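If you count by our numbering, then the sequence shown holds residues 1 to 166, one letter each, in order. By construction, the Cβ of each residue, glycine as well, lies at the ideal position given by its N, Cα and C atoms. Bear in mind that the values here come from a model prediction, so they are computed numbers and not experimental data. Below is one structure, written out as structure tokens; comments come after it.
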Amino acid sequence: MQSQSLSAAQEMAIDPATCLGCHSNKISAAAFGDSVHGKNGCNSCHIQLTNLPMHMKGEVVVEKVHCERCHKKETSEHYSSVHAHKDIMCADCHTDVHTHRYWKQDKRVVVAKCIQCHDEEAIYQKSIHGTAVAAGNQDSAACNDCHNLHDIKSLGGSRSDRKSVV
Ligand code: HEC
Ligand code: HEC
Ligand code: HEC
Ligand code: HEC
Ligand code: HEC
Ligand code: HEC
Numbered sequence: 001m002q003s004q005s006l007s008a009a010q011e012m013a014i015d016p017a018t019c020l021g022c023h024s025n026k027i028s029a030a031a032f033g034d035s036v037h038g039k040n041g042c043n044s045c046h047i048q049l050t051n052l053p054m055h056m057k058g059e060v061v062v063e064k065v066h067c068e069r070c071h072k073k074e075t076s077e078h079y080s081s082v083h084a085h086k087d088i089m090c091a092d093c094h095t096d097v098h099t100h101r102y103w104k105q106d107k108r109v110v111v112a113k114c115i116q117c118h119d120e121e122a123i124y125q126k127s128i129h130g131t132a133v134a135a136g137n138q139d140s141a142a143c144n145d146c147h148n149l150h151d152i153k154s155l156g157g158s159r160s161d162r163k164s165v166v
């Protein structure tokens, strides 16, 4: 396995420092290095970009990154979720993929992410659960305790029938 990936690396992978030589305007080397993906080369995700002269001529079509190559569990949970059905994919939520840090089960990180698209009326944020989580109480319920993190199902029915219970 190791010799296989070594020879693959010798054939094609490009040193991240080379990529960053041109892309440091958008991606900080330090923040990438400290991120959860800091030990991954750029080509581990951007697998098409192994030929720089062709890349420079714009001859390589850069595909969306396929997170599922490495993250099977979250991929299968997300697959049948309400988000996948609405075309909300991994990178739509994980917009910080080059700088992402471990969330260490801190519920505030989850809430901050989910409310980018939900809870416009701050029903959760004003609730007992929401104020307790915001104050750092990790025993109170956050979005993922009731809806899961990736395996999030449609609630069915029409919105007007519902009363919030948070
Ligand atoms: C010599 C400069 C240079 C180097 C080296 C370079 N790139 Fe680029 N790259 C560009 C330019 C120019 C563009 C197109 C303009 C832009 O989006 O910034 C681009 C675009 C991209 C895009 C966006 C493509 C799209 O269609 O949205 C990605 C992703 C990318 N490069 C990744 C890489 C990776 C990974 C490496 C190293 C393997 C790399 N680049 C090396 C200059 C470079
Ligand atoms: C963990 C996977 C991953 C790694 C590792 C990774 N990228 Fe990306 N990159 C992405 C994703 C996801 C996007 C957003 C586009 C998409 O959905 O594919 C992206 C977008 C980009 C873009 C276009 C950004 C823009 O704002 O236009 C550039 C340039 C780029 N990456 C360069 C790099 C370079 C250079 C490295 C190495 C230092 C790197 N990436 C490492 C996942 C990754
Ligand atoms: C080439 C393999 C690879 C690809 C492709 C990849 N990742 Fe990762 N990812 C990793 C590794 C390795 C870690 C660190 C795992 C660890 O430390 O346990 C990681 C960690 C993460 C974490 C943090 C996990 C945690 O425990 O908090 C998130 C979030 C994440 N990746 C999201 C993504 C997303 C979103 C994509 C697609 C845009 C992606 N990854 C693509 C290899 C990959
Ligand atoms: C609807 C938003 C959303 C989508 C879509 C999404 N994630 Fe996440 N994911 C989160 C949040 C929120 C967290 C926890 C906080 C954080 O890491 O930012 C998380 C955490 C993770 C973790 C760490 C898991 C853990 O148990 O600690 C990984 C790995 C990950 N996501 C990968 C993915 C991959 C791969 C996809 C696509 C198949 C994906 N995510 C799609 C919101 C999303
Ligand atoms: C204590 C459990 C609980 C917590 C915490 C919670 N929810 Fe809910 N949520 C529910 C239940 C139960 C419903 C369905 C209510 C009904 O149908 O009457 C719901 C409904 C929803 C709906 C659909 C209705 C609507 O208002 O659009 C969304 C979206 C939603 N929650 C997102 C979130 C987000 C985002 C968070 C965190 C900011 C969160 N929830 C926190 C239990 C919870
Ligand atoms: C990038 C935007 C985005 C983010 C971030 C996001 N969602 Fe969603 N979510 C949507 C969209 C779009 C839908 C489908 C349309 C709708 O019902 O609002 C949806 C639907 C839902 C539903 C089903 C609502 C129903 O009426 O059946 C729940 C529950 C939900 N999301 C919870 C969450 C939770 C929990 C998080 C954080 C882990 C989260 N969402 C993060 C965009 C997002």
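Less than 7 Å between the C-beta atoms of residue i and residue j, yes or no?
i, j, result
"His-100", "Phe-32", "no"
"Val-65", "Cys-42", "no"
"His-150", "His-78", "yes"
"Val-109", "Asn-144", "no"
"Cys-67", "Cys-93", "no"
"Val-60", "Met-54", "yes"
Please check the pair residue i and residue j, which I expect to be a contact at CB under 8 Å, by giving their CB distance rounded to whole angstroms.
i, j, result
"Val-133", "Ala-122", "Contact flag wrong, Cβ pair sits at about 13 Å."
"Tyr-102", "Val-36", "6 Å"
"Lys-153", "Ser-76", "Rounded, the Cβ-Cβ distance is 14 Å, inconsistent with contact."
"Ile-27", "Leu-52", "Contact flag wrong, Cβ pair sits at about 16 Å."
With 16 as the cutoff for other CB atoms within 10 Å, does residue i come out buried or exposed?
i, result
"Gly-130", "buried"
"Lys-39", "exposed"
"Gln-4", "Any reading at Gln-4 is ruled out, since the residue's pLDDT is 45, under 50, leaving its predicted position unreliable."
"Cys-19", "buried"
"Lys-107", "buried"
"Pro-16", "buried"
"Cys-117", "exposed"
Say yes only if the C-beta of residue i is nearer than 6 Å to one or more non-hydrogen atoms of ligand 2, and no if none qualify.
i, result
"His-55", "no"
"Lys-72", "no"
Just to confirm, does residue i get its C-beta within under 6 Å of one of the non-hydrogen atoms of ligand 5?
i, result
"Asp-119", "yes"
"Ala-135", "no"
"Leu-254", "Residue 254 lies beyond the stretch modelled for the chain, which goes from 1 to 166, so this question has no answer here."
"Cys-93", "no"
Is there at least one non-hydrogen atom of ligand 6 closer than 6 Å to the beta-carbon of residue i?
i, result
"Lys-104", "no"
"His-78", "no"
Beta carbon of residue i: closer than 6 Å to some heavy atom of ligand 1?
i, result
"Thr-18", "yes"
"Ile-14", "yes"
"Gln-90", "Per the sequence presented here, residue 90 reads as Cys, with Gln not at that position. Result no, Cβ not under 6 Å from ligand 1."
Just checking residue i against ligand 3 - is the residue's beta carbon closer than 6 Å to any of the ligand's heavy atoms?
i, result
"Val-65", "yes"
Between residue i and ligand 4, is there a pair consisting of the residue's CB and a ligand heavy atom that are separated by less than 6 Å?
i, result
"His-37", "no"
Is there at least one Cβ from chain D nearer than 7 Å to residue i's Cβ?
i, result
"Leu-49", "In the structure shown, chain D cannot be found, because there is only a single protein chain."
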